[in-house]
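Just below is one structure, and these are the notes that go with it.
In the numbering used here, the protein residues as written are 32 to 215.
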C-alpha cells in the first residue's frame with residue numbers, strides 16, 4: 032500500500048512540476064502581451080499629445096497602426112489564456128489526487144518532523160504556501176476545505192477579483208487621462 036501511495040505521490044508531483052513549468056513559460060508570454068498593451072497605451076497617449084486625433088489623415092494612419100497591434104495582442108492572448116486554463120484545470124485535478132492520497136494515508140501513518148519539507152526548498156515553499164492558502168480559506172469560510180481543489184478555486188477566484196480590480200483602475204485612470212486630453 033505504501034509503495035502505491037509513494038508511486039502516486041511521485042507521479043502527481045512530477046506532473047505538477049511539469050504543469051508549473053508550463054505555467055511559468057506562459058507567464059513569460061503573458062508578460063510580453065502585457066508589454067505590448069503598455070506600448071499601445073503609450074502610442075495612444077502620443078497620438079493624443081501630438082494632436083493627430085484632430086487630423087483626419089493622421090488619425091486614419093494611427094487607427095490602422097493601432098488596429099494591427101490590437102490584432103496581434105488578441106492573437107497572442109486567446110490561445111495563451113486557453114493553454115493556461117488547461118494547465119490550471121490539470122493542476123486542480125492533481126491537487127485533488129494529492130489531497131485524496133494524503134487523506135487516505137493520514138490514518139495509516141503519523142507525520143513526523145523528519146518528513147516535513149525544507150522551507151528553503153521549492154517543494155517546502157509550495158507546501159508552506161498551500162498551508163497559508165488553507166488557513167486563509169478556513170478563516171474566510173469558517174470551515175476546513177473539502178479538497179485542495181476547493182482551496183485552489185478560492186485562490187484563483189480571489190486572484191481574478193484582484194486582476195479585475197486592477198483593470199478597472201487602469202480603465203478609470205485611462206478615462207481620466209483621455210478626458211483631460213480632450214479638455215486640453
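Glycine is no exception: its CB is placed at the ideal position from the N, C-alpha and C atoms.
In this structure, residue 177 sits away from residue 169, with a CB-CB distance that is not shorter than 8 Å. If you draw a 10 Å sphere on the C-beta of residue 93, you find 16 or more other C-beta atoms in it, and that means buried. A straight line joining the alpha-carbon of residue 68 with that of residue 199 spans about 15 Å. Annotation for residue 180: 123, 126 and 127 place their beta carbon closer than 6 Å to its own, counting only its chain and skipping 5 residues before and after. Short of 7 Å from the beta carbon of residue 121, and not among the five residues preceding or following it, lie these beta carbons of its own chain, in chain order: 50. The segment 84 to 104 makes no contact with the segment 39 to 48; the number of CB pairs closer than 8 Å stays below 3. Contact check for residue 107 against residue 56 fails: the beta carbons are separated by 8 Å or more. Comparing C-alpha distances from residue 35 to each of 96, 129 and 114 shows the shortest one belongs to 129.
Judged by DSSP in its simplified three-state form, residue 87 adopts helix. Excluding residues up to 5 positions away in sequence, 97 lie with their Cβ nearer than 8 Å to the Cβ of residue 75 in the same chain.
The three-state secondary structure of residue 174, taken from DSSP, is coil. In the structure shown, residue 151 adopts coil according to DSSP, grouped into three states.
In terms of Cβ geometry, residue 187 and residue 119 form a close pair [threshold 8 Å]. The distance from the Cβ of residue 165 to that of residue 182 is about 6 Å, consistent with a contact at the 8 Å cut-off. Collapsing the DSSP output to three states places residue 163 in a helix. Residue 197 sits exposed, since fewer than 16 C-beta atoms from the chains shown fall within 10 Å of its C-beta.
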